[in-house]
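The sequence shown maps to residues 1 to 136 in the UniProt record's numbering.
The beta-carbon is built from N, C-alpha and C at its ideal position, and this holds for glycine as well.
What you are looking at is a predicted structure, and each value in this text was computed from that prediction instead of being measured.
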Amino acid sequence: MPALKAFIVEDSPVILENLVATLEELAQVEVVGSVPDEAGAVRWMSRDPDANADLFIVDVFLRSGTGLGVLQAAQQLGVRARRVVLTNYATEEMRRRCASLGAERVFDKSRELDDLISYCAELAEHVPPRPPAAAS
């Protein structure tokens with residue numbers, strides 16, 4: 001069964017390291033990349049909006065730019081990957097703003113990490129097989 005390919009936009013090295021280890025161990029997720037800022041995320045999405053990842057996990061507050069900017073860019077680029085937000089600022093207003101920008105879910109870092117892991121594990125169960133990469 002193929003792993004769920006995830007890209008993470010998170011500026012805290014400690015949170016990123018723990019999140020990657022947890023997702024790869026418990027939810028059959030392969031983290032294919034990460035960046036600490038909005039510009040890096042937009043560059044990564046722009047390379048090939050459909051082939052890079054199945055899921056984007058985005059923090060709201062980043063080293064530069066915001067997760068809201070990442071979500072908006074994903075909409076503008078037509079990225080088909082699912083998008084979720086993992087933040088310490090999961091207010092009702094923030095949840096509405098993220099949803100309006102295409103986020104399927106918003107998870108609170110301090111209280112809903114288990115929910116994120118369960119969500120990713122559920123998605124991983126339904127990852128379709130990928131076609132073989134084209135020869136260069």
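Proximal residues to residue i (C-beta, below 8 Å), its chain only, five neighbours per side dropped
i: Val14; result: none
i: Val84; result: Leu55, Phe56, Ile57, Val58, Ala103, Glu104, Arg105, Val106, Phe107, Leu116 and Tyr119
i: Glu30; result: Ala3, Leu4, Lys5, Ala6 and Glu24
i: Ala134; result: Note that Ala134 has pLDDT 47, beneath the 50 cutoff, so the model's placement of it is unreliable and no number is given.
i: Ala99; result: Val106
i: Arg97; result: Leu68
Identity of the residue in the options nearest residue i by Cα
i: Gly67; options: Val79, Leu77 and Asp11; result: Asp11
i: Ala90; options: Glu112, Gln75 and Ala74; result: Glu112
i: Ala74; options: Gly65, Val42 and Leu86; result: Val42
i: Leu71; options: Glu92, Asn88 and Gly40; result: Gly40
i: Val35; options: Ala21, Gly65, Arg95 and Ser100; result: Gly65
i: Met94; options: Leu123, Phe61 and Val32; result: Phe61
i: Gln76; options: Leu101, Val9, Ile8 and Thr22; result: Leu101
Close Cβ partners of residue i (< 6 Å) along its chain, the five nearest in sequence each way excluded
i: Gly69; result: Glu38
i: Ala121; result: Ala27
Cβ distance (whole Å) where residue i is taken to contact residue j below 8 Å
i: Ala53; j: Val32; result: 6 Å
i: Leu123; j: Arg63; result: Incorrect: roughly 27 Å between the Cβ atoms, too far for contact.
Cβ neighbours of residue i in the same chain (closer than 7 Å, five flanking residues each side left out)
i: Ser110; result: Asn88
i: Leu16; result: Ile8, Glu10 and Ser34
i: Asn18; result: none
**Message:** To test your reading of the DSSP string, which unbroken alpha helix (DSSP H) runs of 4 or more residues are found completely within the segment 43-104?
**Reply:** Taking only runs of at least 4 residues, the alpha helix (DSSP H) segments lying wholly in the segment 43-104 are 67-77 and 92-100.
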